[in-house]
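Asks: Okay, here's the structure, questions in a sec.
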Amino acid sequence: MTTPHRIIEGTAILDRLHAVVTKYVVLPSPEAIDAVVLWIAATHAQQAWAHAPRLVIRAPEKRCGKSRLLDVVEGTSCNPLITVNASTAAVYRSIGSDDPPTLLVDEADTIFGGKAAEANEELRGLLNAGHQRNRPTIRWDNARNRVEKIATFAMAALAGIGQMPDTIEDRAVVIRMRRRARGETVSPYRHRRDGVALNQLANDLNQWLRANLAALEKAEPTMPLEDRAADTWEPLIAVADLAGGNWPERGREAATALTAERDSNTVASDRVRLLTDCRTAIGDAAAIPTAVLLDRLKADPEAPWAEHGDTGLTGAKLAALLKEYDITSGNIRFTPEEIRDYRLTSGQAKGYKRSAFLDSWRRYCPDPEGEASQPSQPSQPSSDAGRLAKVVRLKPSQPALDIEMPPPPDEARGTA
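Position 221 of the sequence shown, counted from 1, bears residue number 221 in UniProt numbering, the numbering being contiguous throughout.
Quick look at the structure:
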């Protein structure tokens with residue numbers, strides 16, 4: 001007697017997975033729970049995706065539930081491969097197929113933090129490359145005397161204390177765990193006792209999603225995000241749209257909320273921080289002497305410029321940092337009022353024009369109260385009208401697509 005084929009309904013199975021996650025772990029928000037559910041489900045359809053989103057589970061301290069969440073992810077994701085440490089070569093060999101495992105790395109802070117970071121730079125490069133399909137690593141095989149292409153594409157989850165490398169988090173759904181408060185309770189997880197039920201749930205997810213691979217591969221969901229964030233979240237939104245019910249809206253709300261949270265907690269690079277601080281230091285002035293700009297930058301007690309390098313930020317270091325944005329200094333003739341305000345000994349001094357910064361300010365650190373940066377890859381609308389859902393705009397990083405900004409006024413000053 002054959003076993004009858006079970007019909008698995010997408011909305012119901014995602015609801016079951018949601019109940020399992022919240023049974024064992026307290027997550028920081030409803031959007032975080034939905035994101036984890038959709039990420040786990042997406043691992044069962046990796047063949048359909050052009051991008052393999054990372055799941056970063058980070059916490060400020062121990063005992064915040066990150067390892068327990070990774071246990072649940074292991075029990076319900078597709079073909080999980082979990083480790084607390086692994087050589088880059090071993091990870092390469094584990095991935096190499098069209099149906100890769102789901103990489104799970106616990107204690108990732110011991111791999112990418114402190115002195116270990118430099119030694120594991122190649123592993124970080126692998127995780128960055130593996131976010132996009134068809135980005136293989138090329139090696140020379142001495143035994144066979146030929147070039148070997150090694151696949152890197154695979155979904156991966158990393159758990160650890162503190163922030164992961166920014167290049168990884170930029171490709172990730174970031175879940176910021178926190179320690180349970182009094183009154184927040186969860187069920188204890190035991191692999192031998194609870195693993196069977198989680199494995200059955202994983203099998204049901206696999207059956208449902210593998211039966212819909214063709215539809216998922218063709219899916220073009222309407223995205224509330226742009227550029228790399230849209231690439232990262234697209235598999236999750238495609239799964240939500242396939243499930244139906246209220247999951248399409250929940251998925252988009254999770255994408256918007258968690259991306260905004262991640263961006264607000266991202267530490268800017270030194271160059272972007274410098275651009276932002278220069279805007280504050282220059283203010284509305286049309287030009288500023290280099291010496292005055294340096295003094296103002298180093299006078300900010302919360303800025304790193306007074307202790308930048310061995311002697312603090314110098315004119316040469318300032319020029320080197322700004323050169324990447326095509327911002328250069330020059331000899332500038334100042335007005336009598338500016339000579340008095342800047343306490344110059346002559347009417348001409350080396351300095352920077354405000355107009356030289358305007359393009360970079362708009363592109364890299366837009367003023368929340370002013371203009372917004374423009375996306376480099378606008379999201380394409382879905383051809384399926386039935387999938388349209390509410391799009392929530394990000395602030396301040398969400399591009400203002402419906403506003404055409406006028407060109408900046410010409411504030412150039414005469415040079416000697």
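All residues carry an ideal CB built from backbone N, CA and C; glycine is no exception.
What residues in its chain sit with their C-beta under 6 Å from that of A287, if we drop five residues either side in the sequence?
Replies: Taking the first residue of the sequence shown as 1, we reach residue 287 at position 287. So the qualifying residues of the chain are I332, G351, K353, R413.
Asks: Given this structure, state the Cα-to-Cα distance separating S355 from E337, to the nearest angstrom.
Replies: Here residue 355 is taken as the residue at index 355 of the sequence shown, counted from 1. Here residue 337 is taken as the residue at index 337 of the sequence shown, counted from 1. Going from the Cα of S355 to the Cα of E337 covers about 20 Å.
Asks: Of the choices D241, V36, V26, whose alpha-carbon is the least far from that of P53?
Replies: Numbered from its first residue, the sequence shown carries residue 53 at position 53. Nearest option by C-alpha distance: V36.
Asks: Please determine if the stretch 71-82 and the stretch 39-46 are in contact, where contact requires at least 3 C-beta pairs separated by less than 8 Å.
Replies: yes
Asks: Return helix, strand or coil for L17, following the three-state DSSP convention.
Replies: The residue you call residue 17 lines up with position 17 of the sequence shown. If DSSP states are grouped into helix, strand and coil, L17 belongs with the helices.
Asks: My assumption, with CB atoms under 8 Å, is that H51 sits in contact with E234. Please give the rounded CB distance.
Replies: The sequence position of residue 51 within the sequence shown is 51, counting from 1. The sequence position of residue 234 within the sequence shown is 234, counting from 1. About 7 Å separates the two Cβ atoms, so the contact holds.
Asks: Cα separation between L127 and A257?
Replies: By 1-based counting over the sequence shown, the position of residue 127 is 127. By 1-based counting over the sequence shown, the position of residue 257 is 257. Going by the C-alpha atoms only, they are around 24 Å apart.
Asks: Just to confirm my understanding: we take D99, look at its own chain, exclude 5 residues before and 5 after, and list those with CB closer than 8 Å. What are they?
Replies: The count along the sequence shown starts at 1 and reaches residue 99 at position 99. Closer than 8 Å at the Cβ level, and outside the excluded window around D99, lie Q46, Q47, N79.
Asks: Please confirm whether R63 and M164 have their CB atoms less than 8 Å apart.
Replies: In the sequence shown, the residue the question calls residue 63 occupies position 63. In the sequence shown, the residue the question calls residue 164 occupies position 164. Their beta carbons are not under 8 Å apart, which means R63 does not touch M164 by this criterion.
Asks: Classify T222: buried if its beta carbon has 16 or more other beta carbons within 10 angstroms, exposed otherwise.
Replies: On the sequence shown, residue 222 is found 222 positions in, with the first residue counted as 1. Buried is the call here.
Asks: Is P101 helix, strand or coil by DSSP?
Replies: Here residue 101 refers to the residue found at position 101 of the sequence shown. Coil, per DSSP.
Asks: Specify the secondary structure class of T137 as computed by DSSP and reduced to three states.
Replies: Stepping through the sequence shown from its first residue, residue 137 is reached at position 137. Reduced to three states, the DSSP call for T137 is strand.
Asks: If you draw a straight line from the C-alpha of L321 to the C-alpha of R271, how long is it?
Replies: Taking the sequence shown and counting its residues from 1, one reaches residue 321 at position 321. Taking the sequence shown and counting its residues from 1, one reaches residue 271 at position 271. When rounded, the separation of the alpha-carbon atoms in L321 and R271 is 6 Å.
Asks: To the nearest angstrom, report how far apart V20 and R296 are at their CA atoms.
Replies: Along the sequence shown, read from residue 1 onward, the residue named residue 20 stands at position 20. Along the sequence shown, read from residue 1 onward, the residue named residue 296 stands at position 296. If I take the Cα positions, the gap works out to 54 Å.
Asks: Buried or exposed: which applies to I111, given that a residue is buried once 16 or more other Cβ atoms fall within 10 Å of its Cβ?
Replies: Here residue 111 refers to the residue found at position 111 of the sequence shown. Result: buried.
Asks: Could you check the C-alpha separation between T335 and I282 for me, to the nearest Å?
Replies: On the sequence shown, position 335 is the one that residue 335 refers to. On the sequence shown, position 282 is the one that residue 282 refers to. Taking C-alpha positions only, T335 is separated from I282 by approximately 16 Å.
Asks: In this structure, what does DSSP give as the bridge partners for A349?
Replies: On the sequence shown, position 349 is the one that residue 349 refers to. DSSP lists I332 as partners of A349.
Asks: What would DSSP say about Q46, mapped onto helix, strand or coil?
Replies: The residue labelled residue 46 in the question sits at position 46 within the sequence shown. Looking at Q46 - three-state DSSP - the assignment turns out to be helix.
Asks: Can you check which of these residues, P301, G330, E302, A303, is closest to G315 by C-alpha distance?
Replies: To locate residue 315, count along the sequence shown from 1; it is residue 315. G315 has its Cα closest to that of G330, out of P301, G330, E302, A303.
Asks: Does R179 pass the burial test, meaning 16 or more other C-beta atoms within 10 Å, or should it be called exposed?
Replies: On the sequence shown, position 179 is the one that residue 179 refers to. When all chains shown are included, R179 counts as exposed.
Asks: Who does T83 pair with in a DSSP beta bridge?
Replies: Taking the first residue of the sequence shown as position 1, residue 83 is located at position 83. Its beta-bridge partners are V105.
Asks: I'd like the span of the beta strand (DSSP E) that includes K149, first residue to last.
Replies: Along the sequence shown, one-based indexing puts residue 149 at 149. DSSP places K149 inside the beta strand (DSSP E), whose first and last residues are 146-150.
Asks: Run through DSSP, which three-state label would H191 get?
Replies: Position 191 of the sequence shown, counted from the first residue, corresponds to residue 191. Reduced to three states, the DSSP call for H191 is helix.
Asks: Got a sec? Which residues, its chain only, sit under 7 Å from L344 by beta carbon, not counting five neighbours each side?
Replies: Residue 344 sits at position 344 when you count from the first residue of the sequence shown. These residues qualify, in order along the chain: P289, F334.
Asks: According to the neighbour-count rule (16 or more other Cβ atoms, all chains shown, within 10 Å of its Cβ), is G162 buried or exposed?
Replies: If you number the sequence shown from 1, residue 162 lands on position 162. By the 10 Å Cβ count, G162 comes out exposed.
Asks: Spell out a yes or no on whether the stretch 248-257 and the stretch 216-230 are touching, meaning 3 or more CB-CB pairs, one atom from each, closer than 8 Å.
Replies: yes
Asks: Using CA coordinates, which residue listed in T137, F357, G65 is at the minimum distance from K323?
Replies: For the purposes of this step, residue 323 is identified with residue 323 of the sequence shown, where counting begins at 1. Comparing Cα positions, the closest option is F357.
Asks: With a 10 Å radius around its C-beta and 16 neighbouring C-beta atoms as the bar for buried, classify H191 as buried or exposed.
Replies: Start at 1 with the first residue of the sequence shown, and residue 191 comes out as number 191. With fewer than 16 Cβ atoms within 10 Å of its Cβ, H191 is classed as exposed.
Asks: Starting from the C-beta of L293, find all residues in its chain whose C-beta is less than 6 Å away, skip the five residues before and the five after it, and write them out in chain order.
Replies: Start at 1 with the first residue of the sequence shown, and residue 293 comes out as number 293. Once the five neighbours on either side are set aside, the close Cβ partners of L293 are A281.
Asks: Return the chain-ordered list of same chain residues with a C-beta closer than 6 Å to the C-beta of F153, the five sequence neighbours on each side being excluded.
Replies: For the purposes of this step, residue 153 is taken as residue 153 along the sequence shown, with counting starting at 1. Only A52, G130, R133 meet the Cβ criterion.
Asks: Give me whichever residues DSSP pairs with V174 in a beta bridge.
Replies: Walking along the sequence shown from the start, residue 174 turns up at place 174. DSSP output for V174 lists V56 as bridge partner(s).
Asks: Report yes if the C-beta distance between A143 and A108 is below 8 Å; otherwise report no.
Replies: Within the sequence shown, the letter at position 143 stands for residue 143. Within the sequence shown, the letter at position 108 stands for residue 108. Contact flag unset, no.
Asks: Please list the terminal residues of the continuous alpha helix (DSSP H) segment that includes A229.
Replies: Working through the sequence shown from its first residue, we reach residue 229 at position 229. Note, A229: alpha helix (DSSP H), 227-243.
Asks: What residues are listed by DSSP as bridge partners for G160?
Replies: As a working note, residue 160 is residue 160 in the sequence shown. Partner(s): R58.
Asks: Among L17, Y92, W361, D284, which one has its Cα closest to the Cα of N199?
Replies: On the sequence shown, residue 199 is found 199 positions in, with the first residue counted as 1. It is L17.
Asks: Return the CA-CA distance between R228 and V56, expressed in angstroms with no decimal places.
Replies: In the sequence shown, the residue the question calls residue 228 occupies position 228. In the sequence shown, the residue the question calls residue 56 occupies position 56. When rounded, the distance between both Cα atoms is 16 Å.
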